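Protein sequences, first through last, are from chains A and B. Under our numbering, the first residue of the first sequence is numbered 293, with each subsequent residue one higher. Under our numbering, the first residue of the second sequence is numbered 17, with each subsequent residue one higher.
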Amino acid sequence: VTAWLAGAVQLAADEPDWASRRASMIATIEDYAPMSAEVVGDAGLSPEVLGVMGRIERHLFVPEEFRELAYHDRPVPIGYGQTISQPFIVALMTDLLEVDPSDTVLEVGTGSGYQAAVLSPLAKEVCSIEIVPELGKTAAERLQRLGFANVRTRVGDGYFGWAECGPFDRVVVTAAAGHIPPPLVAQLKPGGRMVIPVGGRFVTQFLTLVEKSQAGEVTTRQLLPVMFVPLTRAE
Amino acid sequence: MMLSNLALALVSAAVLAYEVLLVRLLSIVQWHHFAYMAISIALLGFGISGTFLTLSRGWLTWRFQVAFVSASTIFALTAVASFLFLQQLPFNALEIVWEPSGLIYLGAMYGLLAVPFTAGATAIGLAFLAAPRAINRVYLWNLVGSGSGALGVVLALMLLSPMDALLAVAMLALFAALVAAASPPSNLSVAAVVVAAVVGAGIWLALPGTWTDLNISQYKPLSTALQVKNAVLGREYSGPLGLVSAVKSPTVPFRYVPGLSLNAPSVPPEQIAVFTDGDGLTAINRFDERTSDTSYLGYTTDALAYALTDAPSVLVLGAGGGNAVLQAIHHDAATIDAVELNPDMIRLVTVDYADFAGRFHEREDTSIRLAEARNFIARASRRWDVIQIPLLDALGTALSGVQGLSESYIYTVEAFELYLDRLQANGWLSLTRWLRLPPIDTLRLVATAIAALERQGVANPGERLVVIRGPDTATVLVKQGVVSPQNIAALKDFSATRSFDLAYYPGMDAAEANRRNILPEPYLFDGINALLGPEREAFVDSYKFDISPSTDDRPYFFDFFKWRTLPELLSLRRVGGAALLDWGELIVFATLVQAVLLSAFLILLPLGLGLRRSPQGAATWRLAAYFSALGLAFLFVEIAFIQRFVLFLGRPIYAVAVVVAGFLVFAGVGSGFSAQLERRLLTAKRTGLTAVDVAAAGIIVSALVYLFALGPIFERLAGLPDLGRVTLSLALIAPLAFFMGMPFPLGLSTVSRTDPQFVPWAWGLNGCASVVSAVLATILAMHFGFAAVIVVAAVLYGLAAFVARPMLSNHV
């Protein structure tokens, strides 16, 4: 019993202090936020979003071998050629969605399930579709195990959204078709917002925000995650 | 003793073929920019071999044959083994920005690939050591072998998969070892070579498929596409232009349509995705002329040209999977000519998946031609109403900044002039690019179009331009005539119904810009107006990316990098700005720094370890200057002229093979003749004139004449059939290459007489200089153009002749 207790104590001692790492991740995101005034506005990132990200155990969404990197501000491989996004980009996208507690949110591209988990406490319901069966299955089990009860998942084609779950107040989608899928815009409620990260596996080039007015008129915005002015104007 | 000429030629062929093949293999499993760096550095194996031979020369003197056989055998075995181990490294080029420690694996790649190059170069270097009195003959067989290797590997890639071609290269080197082993005086090592071959083959056969198959990065689009449920690999073709893979995904179909409007009335049909080297997605659409709803094809930005014309004749440059052809069919084009570079792509569309694609290629008004776009249009005698250059590079590739190293002759001022020449009056040139933020490619397209129009004498280019953008793509239209009010009305209607934005038309009001797809600023409208206004130069100069017009002399359309922006980009890379960093120029510069440092080490090491010149020999600095200048200049000329001939010959990979083979073989002939020239000059007693002087003069005169004459010659003779152009190219290369083949063996022969201990050192130095040269040529071309590279090469040959005078005039 003594040996077992000693082992347990040793194990506990070896377990990294995930909570402090999480706090440090949030501090980094807060530091970066002023550089993204275009996306987050002068008020900075929403405290609710940061609060949720400060609670969710990101390391549980990362494969064992990359767990050390879970709270680094960088994308992390999750297998099958996919990544879990950089925390800063997750915060920006979630902030940009402006999720209300009464909202139903569609996510196309479940991946590890981390983005769905971040949306879960902020929304009424999250419906998430994943194209890679293995990833979808693992994420569904993980989300269930961790108690994100308002997240529904399925494996399949996200191009046409999820009619039974919709229409949606908010949509977040990783579009691979070279265009914004029009059927998803059709499933967006008037007043709805959709966010699409554009770029490769390890870099986000810019974020596309699709807004549907109450009158049903659709506009898109392309937003760089950082302040970068391409033209040096004369002083 | 003399080593077998045949064995030397065979091993030279194998080493060059391996170099070409590695570019192919690494482009498939990884990305080509890191392939470029890894192979460039590994080629310093030539420098390592020089150092090794210098230090072990005494021991090797009586063991040349065994050493040659051993080196060739080691090359054969490690050529394969290094690549297999390399595939097992967990190197991920995309992750470098986040995890610089991944560079350790890049270092491991250098190390692995340097082993076969060192072994191969050692075999060749030994041949020079073994024949101090016949250096010119050794160089002849070395060059003839290398030339054959360049040509042979392209042929091999037509017939074999890249992995089988790798085995063929290994077998070629083993055959070289056998030939050398079987030559007199001794044939004892034949059995050793056979045993090594059998053991190697045994290990290969025992390895699991995860080792012997191509292990494509999991982050390449082909790999991710195959992760989808029920997605299957269909037909796959391997050729010198790439590995072309078709993928079917019945459960979650591909719907790849770049720039589709949110208002599209129909969804894209089922598609078969086609990847080139696991990347570069294009799609073959399911099509049935009677039943397919192709209305969505009118809802992309590149459909604008059809809204401005009525039943036009259309030329599509870059047919890919046929999307642009279907678009022309949908818009009732009168005739459609589509050009595609890759025969395997055409085979997929017109043979393997012809029924799926609706056999559109069999329509009377449609023709699909196998040709390189630029070459096709230069040779065309007819005109079209619409010339469409669709978007063929994948979004991920375009945004990842890895294309900076690639030359593109489609988007140059000279190309635009040709396109405009081949347009009917009031015809339209249509070019589409992915929308980047901040805009870069689109502004460079507009700058290039403006330059072309101005060169054609158009006083007000702005009257002929129209630019629109959607959420994902931007399309630039250039008219062969002035944009009319009717055109503008049609343009506005087209954009409004599709929720696209107007970015430019003549007389456009600023209030009309940036209304539906909103950018932080109306970047395109402002940028295009700046490019058309009096402040153009200042605008281009102050823009943080290079958007100056791309030309045939500087054809790096995708190199947008400016050094002065680097600090800002680096500071933003972890804050979501990583994608702003263009890799191309950084990679090539990093390669140069590494190559120079490693070369300096390899060159200085033997000197530090006691290599000393003999009292009668030339000063060490003189030898260093001479062989460095030659190493640099030879590849400068070769690389610069490859670019010129590629345009004339079309089909880049074949052109490169013909030009490289031509250069090497004719240089070999020059080498063979060099000793005779030396003797003649000696007997003619023309004091003060050395054979190197004659060769350098020949090179400088022909290079400078070609610099000005090749353009007009190619323009007049572009219409010749393929064989005629190849023959003419070889005839033009012959005199230049003939002279280029002389200085190296002349210098090395002299050194072998005066300072024989310096022969392997000079060989290694020349190898190092060649590596640096290839990289430096790219940097010079990116900044100053290929003409500058040729001028620098001419100066270097002059310099070589100058520094060689004391050592050659004393010892001829």
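Glycine included, C-beta positions come from ideal geometry on N, C-alpha and C. Fair warning: this is a prediction, and the values are worked out from it, not measured in the lab.
Relative to the C-alpha of residue i, which candidate in the options has its C-alpha closest?
{"i": "arginine 363 of chain B", "options": "B:His377, B:Asp353, B:Val402", "result": "B:His377"}
{"i": "methionine 524 of chain B", "options": "B:Glu537, B:Thr513, B:Val499", "result": "B:Val499"}
{"i": "tyrosine 520 of chain B", "options": "B:Trp450, B:Glu528, B:Thr513", "result": "B:Glu528"}
{"i": "glycine 686 of chain B", "options": "B:Thr94, B:Ser20, B:Val160", "result": "B:Val160"}
{"i": "glutamate 731 of chain B", "options": "B:Ala431, B:Lys508, B:Val811, B:Ala683", "result": "B:Ala431"}
{"i": "alanine 213 of chain B", "options": "B:Ala189, B:Trp227, B:Leu535, B:Ala711", "result": "B:Ala189"}
{"i": "leucine 436 of chain B", "options": "B:Ala468, B:Leu408, B:Trp450, B:Ala641", "result": "B:Ala468"}
{"i": "serine 254 of chain B", "options": "B:Pro266, B:Thr310, B:Pro359, B:His346", "result": "B:Pro359"}
{"i": "isoleucine 795 of chain B", "options": "B:Ala635, B:Ile749, B:Phe577", "result": "B:Phe577"}
{"i": "leucine 176 of chain B", "options": "B:Ala109, B:Glu252, B:Thr607", "result": "B:Glu252"}
{"i": "serine 265 of chain B", "options": "B:Glu305, B:Gln243, B:Asn279, B:Ser277", "result": "B:Gln243"}
{"i": "alanine 817 of chain B", "options": "B:Val805, B:Gly801, B:Ile715, B:Phe724", "result": "B:Ile715"}
{"i": "arginine 446 of chain A", "options": "A:Lys504, A:Val410, A:Glu422, A:Leu523", "result": "A:Glu422"}
{"i": "valine 424 of chain A", "options": "A:Gly439, A:Ile370, A:Asp309, A:Leu388", "result": "A:Ile370"}
Please state whether DSSP places residue i in a helix, a strand or coil.
{"i": "aspartate 509 of chain B", "result": "helix"}
{"i": "glycine 141 of chain B", "result": "helix"}
{"i": "glutamate 528 of chain B", "result": "helix"}
{"i": "tryptophan 114 of chain B", "result": "coil"}
{"i": "serine 65 of chain B", "result": "helix"}
{"i": "valine 354 of chain A", "result": "coil"}
{"i": "arginine 149 of chain B", "result": "coil"}
{"i": "tyrosine 425 of chain B", "result": "coil"}
{"i": "asparagine 279 of chain B", "result": "coil"}
{"i": "tryptophan 47 of chain B", "result": "coil"}
{"i": "asparagine 442 of chain B", "result": "strand"}
{"i": "methionine 17 of chain B", "result": "Confidence at methionine 17 of chain B is low in this model, with a pLDDT of 47, below 50, so the placement of that residue should be treated as unreliable; the coordinate-derived value is given next. Here methionine 17 of chain B sits in coil by DSSP."}
{"i": "threonine 743 of chain B", "result": "helix"}
{"i": "valine 210 of chain B", "result": "helix"}
{"i": "asparagine 476 of chain B", "result": "coil"}
{"i": "serine 768 of chain B", "result": "helix"}
{"i": "valine 518 of chain A", "result": "coil"}
{"i": "aspartate 323 of chain A", "result": "helix"}
{"i": "glutamine 479 of chain A", "result": "coil"}
{"i": "glutamine 404 of chain B", "result": "strand"}
{"i": "serine 261 of chain B", "result": "strand"}
Could you tell me whether the Cβ atoms of residue i and residue j are closer together than 9 Å?
{"i": "glycine 373 of chain A", "j": "tyrosine 235 of chain B", "result": "yes"}
{"i": "isoleucine 393 of chain B", "j": "leucine 447 of chain B", "result": "no"}
{"i": "tyrosine 126 of chain B", "j": "alanine 58 of chain B", "result": "yes"}
{"i": "arginine 485 of chain B", "j": "aspartate 457 of chain B", "result": "no"}
{"i": "leucine 167 of chain B", "j": "valine 674 of chain B", "result": "yes"}
{"i": "proline 571 of chain B", "j": "glutamine 659 of chain B", "result": "yes"}
{"i": "leucine 60 of chain B", "j": "serine 98 of chain B", "result": "no"}
{"i": "asparagine 503 of chain B", "j": "leucine 726 of chain B", "result": "no"}
{"i": "valine 418 of chain A", "j": "valine 382 of chain A", "result": "no"}
{"i": "threonine 567 of chain B", "j": "valine 662 of chain B", "result": "no"}
{"i": "leucine 548 of chain B", "j": "proline 477 of chain B", "result": "yes"}
{"i": "alanine 517 of chain A", "j": "phenylalanine 494 of chain A", "result": "In the sequence under discussion, the amino acid at residue 517 of chain A is proline, which differs from the alanine named in the question. Contact flag unset, no."}
Kindly identify the DSSP beta-bridge partner or partners of residue i.
{"i": "alanine 803 of chain B", "result": "Alanine 803 of chain B pairs with nothing; no bridge assigned."}
{"i": "glutamine 287 of chain B", "result": "B:Asn301"}
{"i": "threonine 466 of chain A", "result": "Threonine 466 of chain A pairs with nothing; no bridge assigned."}
{"i": "valine 355 of chain B", "result": "B:Leu333, B:Arg385"}
{"i": "cysteine 419 of chain A", "result": "A:Leu398, A:Arg444"}
{"i": "tryptophan 637 of chain B", "result": "In the DSSP output, where bridge partners are listed per residue, tryptophan 637 of chain B has none listed."}
{"i": "arginine 485 of chain A", "result": "A:Arg462, A:Glu503"}
{"i": "aspartate 831 of chain B", "result": "A question about residue 831 of chain B goes unanswered here, because the residues of chain B that appear run from 17 up to 828."}
{"i": "phenylalanine 498 of chain A", "result": "A:Val490"}
The segment 22–41 of chain B touching the segment 751–769 of chain B, judged by at least three CB pairs closer than 8 Å = no
ask   = Do the segment 113–126 of chain B and the segment 205–224 of chain B make contact, defined as three or more Cβ pairs closer than 8 Å?
value = no
ask   = Is the segment 81–97 of chain B close to the segment 191–198 of chain B, with three or more CB pairs under 8 Å?
value = yes
message = Whether or not the segment 770–781 of chain B and the segment 641–649 of chain B are in contact is what I'm after, with contact meaning three or more pairs of Cβ atoms, one per stretch, closer than 8 Å; do they touch?
response = yes
query = Can at least three beta-carbon pairs, one atom from the segment 698–712 of chain B and one from the segment 36–56 of chain B, be found at a separation below 8 Å?
reply = no
task = Spell out a yes or no on whether the segment 308–319 of chain B and the segment 278–292 of chain B are touching, meaning 3 or more CB-CB pairs, one atom from each, closer than 8 Å.
result = yes
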